[in-house]
Amino acid sequence: MPKPHIPLEEIRAQVEGCRRCPLADGRTQTVFGVGNPSARVLIVGEAPGKNEDLQGEPFVGAAGKYLNELLAIAGLRREDVFIANVLKCRPPGNRDPRPEEIELCTPYLREQTRTIDPEFIVTLGNFSTKFILKTEIGITRLHGTLQRAGRFKVFPIFHPAAALYDGSKREALENDFATLGQLLRESDAAAASAQSGGAAAAPAGPGTVGASATPAGAGAGAAQTEPRPDPASHVEQPHLL
753 MPKPHIPLEE IRAQVEGCRR CPLADGRTQT VFGVGNPSAR VLIVGEAPGK NEDLQGEPFV
813 GAAGKYLNEL LAIAGLRRED VFIANVLKCR PPGNRDPRPE EIELCTPYLR EQTRTIDPEF
873 IVTLGNFSTK FILKTEIGIT RLHGTLQRAG RFKVFPIFHP AAALYDGSKR EALENDFATL
933 GQLLRESDAA AASAQSGGAA AAPAGPGTVG ASATPAGAGA GAAQTEPRPD PASHVEQPHL
993 L
């Protein structure tokens, strides 16, 4: 029997009362996530920063403003998606999440994902990508390629903050969000075609996922001077659900 979904507000209450790891001692407040509770696209970042810890909302400040611009490239608005992080509390000094913190905190992300039930999960940066795909392959190799985690389509992209520190990543970020918009449109076309009794799927294009659950290269991300290795043989069995 499938496990019943937990309402988001109930999960939020669990997060707010969480004392599972020492990060709870240094937080101003937890950062549960915001957005459409029935979002088609779930955005998953790494962990709250200083501004997020103060405001209790993910992706505020410069990185949040840039994320809004990137979402617009994909034809999305912030209120269309749900935005969450791997960790719900800020690591001190914005250091990287530790394995034990990820292990203790990610059950909340799993329950959020089950309840929201998105079509696409967009992982921003290394930590969310490695957790959701259960892989050691870095974001530099995986960004812009469509993956699978169970029934979810997973699309890894550089973290927006990366472009604020390294302008050379801006083009890749914007290209990948453009590809995300293309993937959403292709999915819409396939669904409309199926409903109208036409072709079973949209015409194959960059990043289109067929019946197979193997990863497919997504257009803009794959068009690079060096050939992108196919990660299909490296990504282990996903473990979201």
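If you count the sequence shown from 1, position 176 lands on 928 in our numbering, and the numbers rise without skipping.
Cβ atoms here follow ideal geometry from the backbone N, Cα and C, with glycine treated the same way.
{"Query": "C-alpha gap between Ala942 and Pro789, whole angstroms", "Result": "24 Å"}
{"Query": "Cβ neighbour criterion (16 or more within 10 Å) applied to Arg847", "Result": "exposed"}
{"Query": "Alpha-carbon to alpha-carbon, Ile763 and Glu852", "Result": "20 Å"}
{"Query": "C-alpha distance - Leu997 paired with Asp928, whole-angstrom precision", "Result": "Absent from the structure is residue 997, since the part of the chain shown begins at 753 and ends at 993."}
{"Query": "Range covered by the beta strand (DSSP E) that runs through Phe907", "Result": "904-909"}
{"Query": "Cross-strand partners of Gln899 (DSSP beta bridge)", "Result": "Val906"}
{"Query": "Per-residue DSSP class, three states only, for Val961", "Result": "Low per-residue confidence applies at Val961: pLDDT is 30, beneath 50, and the placement is therefore not dependable enough to give any value."}
{"Query": "Stretch-stretch touch, CB-based, cutoff 8 Å, three pairs: the region 891-901 with the region 802-810", "Result": "no"}
{"Query": "Contact the region 905-913 vs the region 862-876: 3+ CB pairs below 8 Å", "Result": "yes"}
{"Query": "Helix, strand or coil at Ala826 [DSSP, three-state]", "Result": "coil"}
{"Query": "Which listed residue (Asn803, Ala791, Leu936) has its alpha carbon closest to that of Thr867", "Result": "Ala791"}
{"Query": "In chain order, each alpha helix (DSSP H) run of at least 4 residues that lies wholly inside the region 775-802", "Result": "775-778"}
{"Query": "Cβ pair count under 8 Å reaching 3, the region 853-862 against the region 825-843", "Result": "yes"}
{"Query": "Helix, strand or coil at Glu839 according to DSSP, with G and I counted as helix", "Result": "Correcting the residue type first, residue 839 is Leu in the shown sequence and not Glu. Note: Leu839 maps to coil in three-state DSSP."}
{"Query": "Cβ pair count under 8 Å reaching 3, the region 755-774 against the region 812-827", "Result": "no"}
{"Query": "Ile873, DSSP secondary structure in three states", "Result": "strand"}
{"Query": "Alpha carbon of Phe883 to alpha carbon of Ile795, nearest angstrom", "Result": "14 Å"}
{"Query": "Sheet register partners of Phe929 (DSSP bridge)", "Result": "Looking at the DSSP assignment, Phe929 forms no beta bridge with any residue, so it has no partner."}
{"Query": "C-beta atoms of Ser880 and Gly801 nearer than 8 Å", "Result": "no"}
{"Query": "Span separating the alpha-carbon of Ala915 from that of Asp940", "Result": "30 Å"}
{"Query": "Buried or exposed (CB count within 10 angstroms, at least 16 for buried), Gly816", "Result": "buried"}
{"Query": "Within 8 Å, strictly: CB atoms of Ile825 and Gly787", "Result": "no"}
{"Query": "Gln864 to Leu885 span [Cα, whole Å]", "Result": "16 Å"}
{"Query": "Residues near Asn820 by beta carbon distance below 7 Å, same chain, minus five either side", "Result": "Arg830"}
{"Query": "8 Å Cβ cutoff met for Gly827 and Leu936", "Result": "yes"}
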